[in-house]
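*Asks:* Under our numbering, residues 7 to 439 are what the sequence shown spells out, in order.
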Amino acid sequence: MNKDEGLKRSIGVFGLSANIINIMIGAGIFALPAIITGIMGTASIFSYMFCGILIALIVLCFAEAGSKVNNSGGPYTYIETAFGDYAGFIAGIFASGSNMIANAAVAIALINILATINPVFELSWVRVGFLLLMYVTLAFINIKGVKQGIGLIKLNTILKVSPLLILVLFGLSEISINNLHIEALPSINQLGESSLILFFAFLGCETGLIVGGEIKNPKRTIPRSIFISIGSVVILYILIQTVCQGVLGSDLINYKTAPLAETAKAILGPFGYILLTIGAAVSMFGLISGDLLNSPRILFALSRDKVIPIKKLSKVHSKYATPYIAIITHTALTFFLAITGSFEQLVILATSSLLLVYLGVACSVIKLRKIQKTEPGEFKIPGGKLIPLLSIGIIIYFLSNLSSKEIIGTVIFIAVLSILFIIITKVKKKMND
């Protein structure tokens, strides 16, 4: 059954792969090498390999769920289909809210980078004006059509990956083998701590799949795109870490603010530093534009499925065939968060929210196998329930690292959403009676 009437399926393997890579490679990779080296020393490569395996298990769950349920909404739709409106409501709010917070945080980071280039961006009215212009422009592009939005994503992906590839290609010949010598294997605690940080660097696959209702041949496109994007990101991250560590050695931990830019400076001089600084800004812009393409589809799906009683959010533009009201709403709320900056204390809540969404997706794979027949062409994870159960265990492990305050905050938030869901359900019943 197609719930996304009016939307056009125009995203292929390359477009979806670029969409996922664009979301995953955000601002984090431009600071990660120094942070991971500070924890793991010369054995930092093990963290990337370990985290790559962990995220691959979880991504397999997304691949199967996305192959079975290919309407817009991404993880929200998978969970709602498997467990019903209540679970879908919680997952949708968590996913949408955390994406807005992350988008706003990156927008502020982008402004701060621009301020290092030109102090005029320190002025509050300039910051607000720049953010308003950026968000209005991106909203307009995405309302015009998903092809335009994906076209911008493809361009952003090429622009953000190019400086990183230049760093790797020119840096490989500058590596000192002594800087890569592993003196001692890392402890379990070191591996766990560093992998938890790296796990967040791999977040974003779920956001890239939200446009499920606009993907061509989703049963084939979604699994292929996931494997291409995850594989590419893991390899790129490992190469970046190897170059930074191999070039700067023990000095790498002294450049936690901009380790990639400092590495590029050591390889290519001042030009390299400027190139990677601009690359960081482009990367942040790419993540923001990618979120505005994908995340509004959660609001669209919540309204489409009548999980939230706001019918206008599921309206599709008669000319452009895009969920324009949802795009405008998501953009406006994100802009408000970006200019107020009052969301900083919610960042940990946002990341824990995404982990809970991931947990729901892993569980939904098991449930969907029971309630839906496997159709020809669908992707199915080999090994029965092993991969979903391993993914569930991994996510619970990460959640166990949250502080008691963060756990209490998350529980309270879920309780508030539960009360809100009950109220909405009762209102809908009265309207139907």
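Every residue gets a Cβ at the ideal spot worked out from N, C-alpha and C, and that includes glycine.
By a C-beta neighbour count over all protein chains shown, 10 Å radius and 16 as the cutoff for buried, is VAL417 buried or exposed?
*Replies:* Its Cβ having fewer than 16 others within 10 Å, VAL417 is exposed.
*Asks:* Assuming ALA145 is part of the alpha helix (DSSP H), what are its boundary residues?
*Replies:* Here the alpha helix (DSSP H) through ALA145 covers 130-150.
*Asks:* Find out if the Cβ-Cβ distance for the pair ILE159, GLY296 is shorter than 8 Å.
*Replies:* Yes, the Cβ-Cβ distance between ILE159 and GLY296 is below 8 Å.
*Asks:* Indicate whether ILE172 and LEU319 have their beta-carbon atoms separated by less than 8 Å.
*Replies:* Not closer than 8 Å, so no.
*Asks:* Which of helix, strand or coil does DSSP assign to ILE221?
*Replies:* Of the three classes helix, strand and coil, the one that applies to ILE221 here is strand, per DSSP.
*Asks:* Let's see if you can read the secondary structure: which residues bound the alpha helix (DSSP H) around GLY285?
*Replies:* Its alpha helix (DSSP H) spans residues 276-300.
*Asks:* What is the DSSP secondary structure of ILE17, reduced to helix, strand or coil?
*Replies:* In the structure shown, ILE17 sits in a strand (DSSP, three-state: E or B).
*Asks:* With DSSP as the reference, label LEU245 as helix, strand or coil.
*Replies:* LEU245 falls in the helix class under three-state DSSP.
*Asks:* Considering only the alpha carbon of each residue, which of PHE89, LEU202, PRO229 and GLY44 lies closest to LEU22?
*Replies:* Taking only the C-alpha atoms, the option nearest LEU22 is PRO229.
*Asks:* Could you name the residues of the same chain whose beta carbon sits closer than 7 Å to that of GLU128, not counting the 5 residues immediately before and after it, in chain order?
*Replies:* These residues qualify, in order along the chain: ALA121.
*Asks:* Hey, could you find the ends of the alpha helix (DSSP H) GLU381 is sitting in?
*Replies:* Where GLU381 is concerned, there is no enclosing alpha helix (DSSP H), given that its DSSP letter is neither H nor E.
*Asks:* How far does the alpha helix (DSSP H) with HIS336 in it extend, from its first residue to its last?
*Replies:* Here the alpha helix (DSSP H) through HIS336 covers 330-346.
*Asks:* For ILE244, which residues in the same chain have their Cβ closer than 6 Å to its Cβ, ignoring the five residues on either side in sequence?
*Replies:* The answer, listed in chain order, is TYR54.
*Asks:* Smallest Cα separation from LYS379: which of ILE51, LYS74 and ALA40?
*Replies:* Nearest C-alpha to LYS379: LYS74.
*Asks:* Whole angstroms are fine: how far does the CA of ALA145 sit from the CA of ILE334?
*Replies:* Their backbone Cα atoms lie some 7 Å apart in a straight line.
*Asks:* With a floor of 4 residues, list each alpha helix (DSSP H) that falls wholly inside the segment 49-75, ordered by position along the chain.
*Replies:* With a minimum length of 4 residues, the continuous alpha helix (DSSP H) runs that stay inside the segment 49-75 are 51-74.
*Asks:* What is the rounded straight-line gap between the Cα of ALA24 and the Cα of PRO394?
*Replies:* The alpha-carbon atoms of ALA24 and PRO394 are separated by roughly 26 Å.
*Asks:* When the Cα atoms are used, what is the spatial distance from ASN223 to GLU412?
*Replies:* Answer to the nearest angstrom: the Cα atoms are 40 Å apart.
*Asks:* I'd like to know whether the C-beta atoms of LEU299 and ASN148 end up nearer to each other than 8 Å.
*Replies:* Contact flag set, yes.
*Asks:* Quick check: ILE372 and LYS386, are their CB atoms within less than 8 Å of each other?
*Replies:* No, they are not a contact pair.
*Asks:* Alpha carbon to alpha carbon, how far is VAL367 from LEU343? Give it in angstroms, no decimals.
*Replies:* Those two C-alpha atoms are separated by around 27 Å.
*Asks:* Under a three-way DSSP split, which group does LEU408 fall into?
*Replies:* Residue state, collapsed to three classes: coil.
*Asks:* For ALA272, name the three-state secondary structure that DSSP assigns.
*Replies:* Of the three classes helix, strand and coil, the one that applies to ALA272 here is helix, per DSSP.
*Asks:* Where does ALA190 land, buried or exposed, given buried means 16+ other C-beta within 10 angstroms?
*Replies:* Looking at its Cβ environment, which holds fewer than 16 other Cβ atoms inside 10 Å, ALA190 is exposed.
*Asks:* Looking at TYR92: is its Cβ nearer than 8 Å to the Cβ of PHE427?
*Replies:* Yes, they are a contact pair.
*Asks:* Report the three-state DSSP secondary structure of PHE95 (helix, strand or coil).
*Replies:* Looking at PHE95 - three-state DSSP - the assignment turns out to be helix.
*Asks:* Indicate whether at least one CB of chain C lies closer than 8 Å to the CB of LYS317.
*Replies:* You won't find chain C in this structure, because it holds only one protein chain.
*Asks:* Compare the C-alpha of GLY383 against each of ILE331, SER193 and ALA69 and name the closest.
*Replies:* Cα-wise, what sits closest to GLY383 is ALA69.
*Asks:* Could you tell me the boundaries of the alpha helix (DSSP H) in which ALA88 lies?
*Replies:* Taken as a continuous stretch (DSSP letters only), the alpha helix (DSSP H) holding ALA88 covers 81-89.
*Asks:* Measuring CB atoms only, is the segment 308-327 touching the segment 106-116, in the sense that at least three cross pairs come out at less than 8 Å?
*Replies:* These segments do not touch.
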